[in-house]
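Colleague: Structure provided below as structure tokens; questions to follow.
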């Protein structure tokens, strides 16, 4: 059996398993009742952790939505790390009565390092133990007024780590913002929801999640510094046996990039981060999946597996082998034809997925029907751009860079 045959079999088996699993999650989410949590006393004290870099234009919106919660405001303390700021973010947040820690370090750059610094400061001054759990938000977020009340219900039900429903404040701006927003809405509605029904673990996104004091102490604050620190935190938690929960009634609104260059840069960092996490955690996930029969580890191995990169490598290797005479040109041209057919099917499938997401979550999406039709047609373009992005991630040195928010 040739190396190309092995790659073909791997892509068919693993890729097919991933598609079947995704399809089952969609069907399950459509017909099964979502998990709901019972009412709980609103007595827990929470800390909100925010990493902000030059966010004076938008940070007030997030703080305002936190102060406007149905959960008692005296039980929510806001802690912000002004990370290498050159504007008035720190002063704005102080004027709103929040705790501010300023950080200046241009060598260790990124949200992970900022959270490490913030929680380290809280541990040093002896206030970290004052809270039952910690929420992490980005400066551009806004929250539904019931957000803390709903997350508190899930926390009191026994989950030590929780993620929430991620919506968007600017889905209707253009095809770039809509592509990103629809992807996150799809993940909340079809994946996280189904994982809860299956009793599997969810994963936290970069914002809109919480973790308990117990988890914070185990990690001695925050220890995750890869390009996708949220995914690294997820994998580490799963390997510790945690089941990450999802609260679909806690709704967060995020601001998505509106230019293709911003989106490309952001997703390049994500793709590079996925490769980093797969490198450091992939083998450990497989070992735990076999040893503990942990389905969550299988689930996330499929999620981390770089199918796009493997497919691109397979196509390039096929052409090189044919050029060197190791295999015939007709066989490789046939493989490329099959790959092209797969792309066409993927385009149609992505359109159907975007349309289904819009139909099911129409009440949560603020856009006209004409706009939504355009976004269904453009969604495959957004998703297929991941092909060159994933390939570039193999060779690039992607770094964390802030994205300007307009609020």
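Residue numbers (full-length UniProt numbering): 1 to 407. Where a beta carbon is used, it is the ideal one built from N, C-alpha and C, also for glycine.
In chain order, which continuous runs of the alpha helix (DSSP H) of length 4 or greater are located wholly inside the segment 78-166?
Modeller: DSSP runs (the alpha helix (DSSP H)) wholly in the segment 78-166: 89-95, 111-124 and 147-156.
Colleague: Which stretch, first to last residue, makes up the alpha helix (DSSP H) that contains residue 234?
Modeller: Within the chain shown, numbered from 1, the residue matching residue 234 stands at position 234. Per DSSP, residue 234 belongs to the alpha helix (DSSP H) from 229-239.
Colleague: Quick one: give me the first and last residue of the alpha helix (DSSP H) that residue 382 is part of.
Modeller: As a position in the chain shown, residue 382 is number 382, starting the count at 1. Start and end: 369-384.
Colleague: Is the CB-CB distance between residue 164 and residue 206 below 8 angstroms?
Modeller: Counted from its first residue, the chain shown places residue 164 at position 164. Counted from its first residue, the chain shown places residue 206 at position 206. Cβ distance not < 8 angstroms, so residue 164 and residue 206 don't count as in contact.
Colleague: Using only alpha-carbon positions, find the residue among 362, 75 and 252 that is nearest to residue 137.
Modeller: Taking the first residue of the chain shown as 1, we reach residue 137 at position 137. The shortest C-alpha separation from residue 137 is found at 252.
Colleague: Assess contact between the segment 31-39 and the segment 117-127, defined as three or more Cβ pairs (one per stretch) separated by less than 8 angstroms. Is contact present?
Modeller: Taking 8 angstroms as the limit for Cβ pairs, the verdict is that the segment 117-127 does not touch the segment 31-39.
Colleague: Given that a residue counts as buried once 16 or more other Cβ atoms are within 10 Å of its Cβ, and exposed if not, what is residue 244?
Modeller: Mapped onto the chain shown, residue 244 falls at position 244. Its Cβ being crowded by 16 or more others within 10 Å, residue 244 is buried.
Colleague: Please report the straight-line C-alpha distance between residue 16 and residue 22, rounded to a whole angstrom.
Modeller: Along the chain shown, read from residue 1 onward, the residue named residue 16 stands at position 16. Along the chain shown, read from residue 1 onward, the residue named residue 22 stands at position 22. So the alpha carbons of these two residues sit roughly 10 angstroms apart.
Colleague: For the pair the segment 41-58 and the segment 81-100, tell me if three or more CB-CB distances fall below 8 angstroms.
Modeller: Output reads yes: the segment 81-100 touches the segment 41-58.
Colleague: Report, in whole angstroms, the separation of the C-beta atoms of residue 172 and residue 325, which I expect to be a contact under 8 angstroms.
Modeller: As a position in the chain shown, residue 172 is number 172, starting the count at 1. As a position in the chain shown, residue 325 is number 325, starting the count at 1. The Cβ separation is near 54 angstroms, so there is no contact.
Colleague: To the nearest angstrom, how far is it from the Cα of residue 408 to the Cα of residue 328?
Modeller: With the chain running from 1 to 407 in the structure shown, residue 408 is simply not present.
Colleague: Inspect the CB distances between the segment 185-194 and the segment 355-363 and report whether three or more fall short of 8 angstroms.
Modeller: Contact between the segment 185-194 and the segment 355-363 is present, because at least three Cβ pairs lie under 8 angstroms.
Colleague: For residue 209, write down the residues that DSSP places opposite it in a beta bridge.
Modeller: Taking the chain shown and counting its residues from 1, one reaches residue 209 at position 209. Partner(s): 136 and 163.
Colleague: Exposed or buried, what is residue 108 when buried is set at 16 or more other beta-carbons lying within 10 Å of its beta-carbon?
Modeller: On the chain shown, residue 108 is found 108 positions in, with the first residue counted as 1. That one is exposed.
Colleague: Using DSSP's beta-bridge definition, name the partner residues of residue 251.
Modeller: Position 251 of the chain shown, counted from the start, is the residue given in the question as residue 251. In the DSSP output, where bridge partners are listed per residue, residue 251 has 165.
Colleague: Distance check for residue 276 and residue 285, CA to CA, integer angstroms please.
Modeller: On the chain shown, residue 285 is found 285 positions in, with the first residue counted as 1. On the chain shown, residue 276 is found 276 positions in, with the first residue counted as 1. The alpha-carbon atoms of residue 285 and residue 276 are separated by roughly 14 angstroms.
Colleague: Let's see if you can read the secondary structure: which residues bound the alpha helix (DSSP H) around residue 47?
Modeller: In the chain shown, counting from the first residue as 1, residue 47 sits at position 47. No alpha helix (DSSP H) holds residue 47; the beta strand (DSSP E) holding it covers 46-52.
Colleague: The alpha helix (DSSP H) spanning residue 480 covers which residue range?
Modeller: The chain is shown only over 1 to 407; residue 480 falls outside these bounds and no answer can be derived.
Colleague: What is the DSSP secondary structure of residue 64, counted as helix, strand or coil?
Modeller: Working through the chain shown from its first residue, we reach residue 64 at position 64. Three-state result, residue 64: helix.
Colleague: Rounded to a whole number of angstroms, what is the C-alpha to C-alpha distance between residue 39 and residue 313?
Modeller: For the purposes of this step, residue 39 is taken as residue 39 along the chain shown, with counting starting at 1. For the purposes of this step, residue 313 is taken as residue 313 along the chain shown, with counting starting at 1. About 51 angstroms.
Colleague: On the three-state DSSP scale, how would you describe residue 179?
Modeller: In the chain shown, the residue the question calls residue 179 occupies position 179. Correct three-state label for residue 179: helix.
Colleague: From what residue to what residue does the alpha helix (DSSP H) around residue 271 run?
Modeller: Mapped onto the chain shown, residue 271 falls at position 271. Its alpha helix (DSSP H) spans residues 260-292.
Colleague: Quick check on this structure: which residue in 262, 357 and 105 has the alpha carbon closest to the alpha carbon of residue 27?
Modeller: Working through the chain shown from its first residue, we reach residue 27 at position 27. Checked all of 262, 357 and 105; the closest Cα to residue 27 is 357.
Colleague: Smallest Cα separation from residue 178: which of 374, 204 and 70?
Modeller: If you number the chain shown from 1, residue 178 lands on position 178. Per the Cα distances, 374.
Colleague: According to the Cβ coordinates, are residue 115 and residue 49 closer than 8 angstroms?
Modeller: Translated into positions along the chain shown, residue 115 becomes position 115. Translated into positions along the chain shown, residue 49 becomes position 49. Closer than 8 angstroms, so yes.
Colleague: Compare the C-alpha of residue 80 against each of 140, 129 and 106 and name the closest.
Modeller: Stepping through the chain shown from its first residue, residue 80 is reached at position 80. Among 140, 129 and 106, the Cα nearest to that of residue 80 belongs to 140.
Colleague: Suppose you measure from the CA of residue 267 to the CA of residue 215; what does that come to, to the nearest Å?
Modeller: Locating residue 267 in the chain shown gives position 267, counting from the first residue. Locating residue 215 in the chain shown gives position 215, counting from the first residue. About 28 angstroms.
Colleague: Buried or exposed, going by whether 16 or more other CB atoms sit within 10 Å of the CB of residue 64?
Modeller: Stepping through the chain shown from its first residue, residue 64 is reached at position 64. Exposed, by the Cβ-count rule.
Colleague: Compute the Euclidean distance between the alpha carbons of residue 158 and residue 144, then round it to the nearest angstrom.
Modeller: If you number the chain shown from 1, residue 158 lands on position 158. If you number the chain shown from 1, residue 144 lands on position 144. Rounded to whole angstroms, residue 158 to residue 144 spans 23 angstroms at the Cα level.
Colleague: Run the CB neighbour count on residue 45, radius 10 Å, all protein chains shown included, and call it buried at 16 or more, exposed below.
Modeller: Along the chain shown, read from residue 1 onward, the residue named residue 45 stands at position 45. By the neighbour-count rule (16 or more Cβ atoms within 10 Å), residue 45 is not buried but exposed.
Colleague: By a C-beta neighbour count over all protein chains shown, 10 Å radius and 16 as the cutoff for buried, is residue 124 buried or exposed?
Modeller: Position 124 of the chain shown, counted from the start, is the residue given in the question as residue 124. By the neighbour-count rule (16 or more Cβ atoms within 10 Å), residue 124 is not buried but exposed.
Colleague: Can you check whether the CB of residue 148 is closer than 8 angstroms to the CB of residue 69?
Modeller: Within the chain shown, residue 69 is the residue found at index 69, counting from 1. Within the chain shown, residue 148 is the residue found at index 148, counting from 1. Yes.
Colleague: Which residue or residues does DSSP assign as beta-bridge partners of residue 246?
Modeller: Your numbering for residue 246 matches position 246 in the chain shown. Per DSSP, 163.
Colleague: Pull up the DSSP beta-bridge partners for residue 76, would you.
Modeller: The residue given as residue 76 occupies position 76 in the chain shown. Paired residues: 46.
Colleague: One question on the structure: do residue 350 and residue 317 come within less than 8 angstroms of each other, judged by their Cβ atoms?
Modeller: As a first step, residue 350 must be located in the chain shown, where it is residue number 350. As a first step, residue 317 must be located in the chain shown, where it is residue number 317. No; because the gap between Cβ atoms is not below 8 angstroms, this pair is not in contact.
Colleague: If you follow the alpha helix (DSSP H) that residue 195 is in, where does it begin and where does it stop?
Modeller: For this step, residue 195 is matched to residue 195 along the chain shown. Segment 193-198, the alpha helix (DSSP H) holding residue 195.
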